[in-house]
Structures are given as structure tokens and as C-alpha cells.
């Protein structure tokens, strides 16, 4: 079969891009079609060995973060991508749609959905620009038409796959489509091996982009108050002021973007891992922490409910304010966490299971076509 992969855009390297990397490894001859590619970006460096095809409009949107304010161009961007020569198209779709491209009647389209676009349906986003009235008016008009486009393109997908039950509910709510859950591929065995003989340090770890919606400042203040260090791995994004706020707190160590090897070491030696995104689509970092033998404090919502076993592999909390976080950290200290429980839970989300399930689904679709 001639296979093509599609992804929102090649810029930051996060959980969705890790899924794309595995899909690309599974189909090494498949080119990656995308809205735009930022040369030299963290994501671009991960795909130097792959053929990447940008949309003809890429030059207009990839500089100065214009892809967001010029989102009205999304139907034009994807409509110019012609994939009619391919037998199978797997699209890794989330915030920038990654649908609406041209296909033939014989082309099988599989959508691996990380989430329907959060900004379209009232979910919390990294940066809340709609607090400005001009942006709010613009978004009200543009988003109305984008929701119509989003629904229309969703009906052209042959098979919906999602990263969690949480996302499955959204796909049904907004597209009225049944979706099969295929948990994202986490390299759990690598994390297990790297953390085998690690000694725990006296710090909590956060892996997150430095944006306002993650509860980072509150976590830093709570850690400072109880005398613990907070190490944060992640890059500043957009117009967020969070980085400047965190730099003022003595307990915080901002590490920016680091290598996978360094990341594994931090996971292994951390006392605990903190994940505070509200209504997270899935949350691969939580699984990576558990695979490293590190228990978790996570917000009680979204995909974290599917990955963290409260009281056994971590603590689920109902708020991200400073008082709640401080109380959780103190309770965390009193629990005797067992490495075997953490590792056992993490293995439910392995790369091996992901590849096996994707292959089985595609094989069944091919058989049904015949």
C-alpha cells in the first residue's frame, strides 16, 4: 500500500509528535504532510530523516505565530494538499485539524485524534487570548465557520482512533462518531531499565510547556513553602508570562528543553512527579514517570483518571491552588509507594501494545476492503 501521514504542523515536540514519530517508524516510507514546518525547531530535529511536505500556504503562517490569528485559512491550507494517490492516510489530528485534504474514493482515512480542537469547544487552552475583547469578537465569528468545517471533515474519516476514553467522549459529542481507544506509545521498558538502580532526590518534577493553564506557579509556591525543590522541564510558549513568574521563586529550577537521556535521569531520581493540566487529553509524561518508579500528583480530570490509580500509583487532586497542592505534597510524603505497582500500571501504555493494536486495526480495514 501507498501510505501517507498527516500532522497539524512541525514545530514543538510534544506528546502528539511522539505518536507521529512511532507512526513514522511503523511506515518509514510514508511522507509526512503538514500545514507548515519550522526549520530548526525541536520537532523538526526529530524528523530530519523523513520527507516532510508543507502546504503551499506555509510561508504565510509559520512566522511570528501567524498560524493562530490566520486560522480562517485552515480550510484553504488543507484543501490544497492532494493525497489521492495514496491507499491509506493516517492523520494525527488535534488543534490544527489535519483533515480536509483531497483523497480518492478508494483511499482509507484513519484519524488518530489527540483531541478535537480545544479552542473551538470551550476547553482550556495554553494561552487564553480571548480575555481581550477584540480577539473574542474575531474568534466568535471565525470559530463558528471552523466548527462547521471541523464537523464536515470529521464525516470523511473511515476510522477514528483516540488516545483515551476522555477523547472518545469528545469525538462522539462533537462529531457523532464512534472511536476506538488506542493508548499512545510510551517507551516504558526504556524508562524501567534506566531507573532500576536510581536513588531518589529531594525534588518534585514537572514536564510542561511554560504556559498559564498548567498550575505551575502554584506548584512552585507550594514546594517552596514545605522546603522542597521543583524542577521544571519545558519551553516557554507564545505570549505567556509564566516563565518570568517562575524565575522569581527560589525553589524552582527551570531546565528548558533537555535530551531524552537527561529526562530519564530526572524522572528516575525525582521524589514525585506533578501533572496539573485540567481535562488533559491523555498525558504521556505521567506514564513515563510511573515507568521510572516515580509516583504522581495529578489533577483529577481528563486522561489522568485513566492512567493514575489513586493511592496506589499517585494522588488525584480536585484543585490546583497552592493550599491543595501543599496538602497533597505532605500526604504524598507519608505513603510508602511500591515500585512494582508503578511499573505494572505503566506497562498498560507501552509502545509495543500501541504498534500491535494499530497494525491489527489496519490489517482488518484492508481485509474488509477486499
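In the numbering used here, the protein residues as written are 823 to 1192.
Quick reminder that beta carbons are idealized off the backbone N, C-alpha and C, glycines included.
Note that this is a predicted model, so its numbers are computed, not measured.
Notebook entry, point to check: Any idea if residue 1189 is buried or exposed, counting beta-carbon neighbours within 10 angstroms, 16 or more meaning buried?
Noted result: With fewer than 16 Cβ atoms within 10 Å of its Cβ, residue 1189 is classed as exposed.
Note to self: Pop quiz: residue 916 and residue 939 are said to be a contact at Cβ under 8 angstroms. What is the actual Cβ separation, rounded to whole angstroms?
What the structure shows: Residue 916 to residue 939, Cβ: 7 angstroms. Contact.
Check: In terms of residues, what are the limits of the beta strand (DSSP E) holding residue 912?
Finding: Residues 910-915.
Checklist line | Euclidean distance between Cα positions of residue 1168 and residue 1094 | finding: Near 15 angstroms, if we compare the C-alpha coordinates of residue 1094 and residue 1168.
Item checked: Where residue 988 falls, given that 16 or more other Cβ within 10 Å makes a residue buried -> With 16 or more Cβ atoms within 10 Å of its Cβ, residue 988 is classed as buried.
Check: What is the rounded straight-line gap between the Cα of residue 1175 and the Cα of residue 1124?
Finding: If you take the alpha carbons of residue 1175 and residue 1124, they lie about 21 angstroms apart.
Notebook entry, point to check: Whole-angstrom Cβ separation of residue 919 and residue 889, contact assumed at under 8 angstroms?
Noted result: About 11 angstroms separates the two Cβ atoms, so there is no contact after all.
Checklist line | Spatial neighbours of residue 883 in its chain, beta-carbon cut-off 8 angstroms, leaving aside the 5 residues before and after | finding: Counting only Cβ-Cβ distances below 8 angstroms, and skipping sequence neighbours, we find 857, 858, 889, 892, 895, 899.
Next item on the list: Indicate the three-state DSSP secondary structure (helix, strand or coil) for residue 829 in the structure shown.
Entry: Strand, per DSSP.
Margin query: Measuring only the C-alpha atoms, how far is residue 1042 from residue 1071?
Written below: So the alpha carbons of these two residues sit roughly 7 angstroms apart.
Next item on the list: Assign residue 1168 to one of three DSSP states: helix, strand, or coil.
Entry: Of the three classes helix, strand and coil, the one that applies to residue 1168 here is helix, per DSSP.
Checklist line | Residues that residue 1027 bridges to, as DSSP identifies them | finding: Residue 1027 pairs with 1053, 1095.
Next item on the list: Spell out a yes or no on whether the region 1148-1160 and the region 1008-1020 are touching, meaning 3 or more CB-CB pairs, one atom from each, closer than 8 angstroms.
Entry: They do not touch, by the three-pair rule.
Checklist line | Straight-line Cα distance separating residue 993 from residue 943 | finding: If I take the Cα positions, the gap works out to 11 angstroms.
Check: Thinking just about the alpha-carbon of each residue, which of 873, 874, 967, 854 is nearest to the one in residue 897?
Finding: Selected option, being the one with the closest Cα: 967.
Item checked: Cutoff 7 angstroms; reference residue 838; Cβ partners in own chain excluding five residues on either side -> Answer for residue 838: 914, 916, 936, listed in chain order.
Checklist line | Element boundaries [beta strand (DSSP E), containing residue 1078] | finding: Its beta strand (DSSP E) spans residues 1074-1078.
Notebook entry, point to check: According to the neighbour-count rule (16 or more other Cβ atoms, all chains shown, within 10 Å of its Cβ), is residue 963 buried or exposed?
Noted result: By the 16-neighbour rule on beta-carbons within 10 angstroms, residue 963 is exposed.
Checklist line | 6 angstroms Cβ shell around residue 1115 - same chain, five flanking residues per side excluded | finding: For residue 1115, where only same-chain residues beyond five positions count, the Cβ hits under 6 angstroms are 1017, 1161, 1164.
Note to self: Quick check: the Cα distance between residue 1103 and residue 986, rounded to an integer number of angstroms?
What the structure shows: About 7 angstroms.
Item checked: Whether residue 1172 touches residue 1010 by CB criterion (7 angstroms) -> Cβ distance < 7 angstroms, so residue 1172 and residue 1010 count as in contact.
Notebook entry, point to check: Cβ atoms of residue 1109 and residue 1039: under 7 angstroms apart, would you say?
Noted result: Contact flag unset, no.
Check: Got a sec, what are the start and stop residues for the alpha helix (DSSP H) residue 837 sits in?
Finding: First-last of the alpha helix (DSSP H) with residue 837: 837-848.
Next item on the list: Specify the secondary structure class of residue 1111 as computed by DSSP and reduced to three states.
Entry: Helix, per DSSP.
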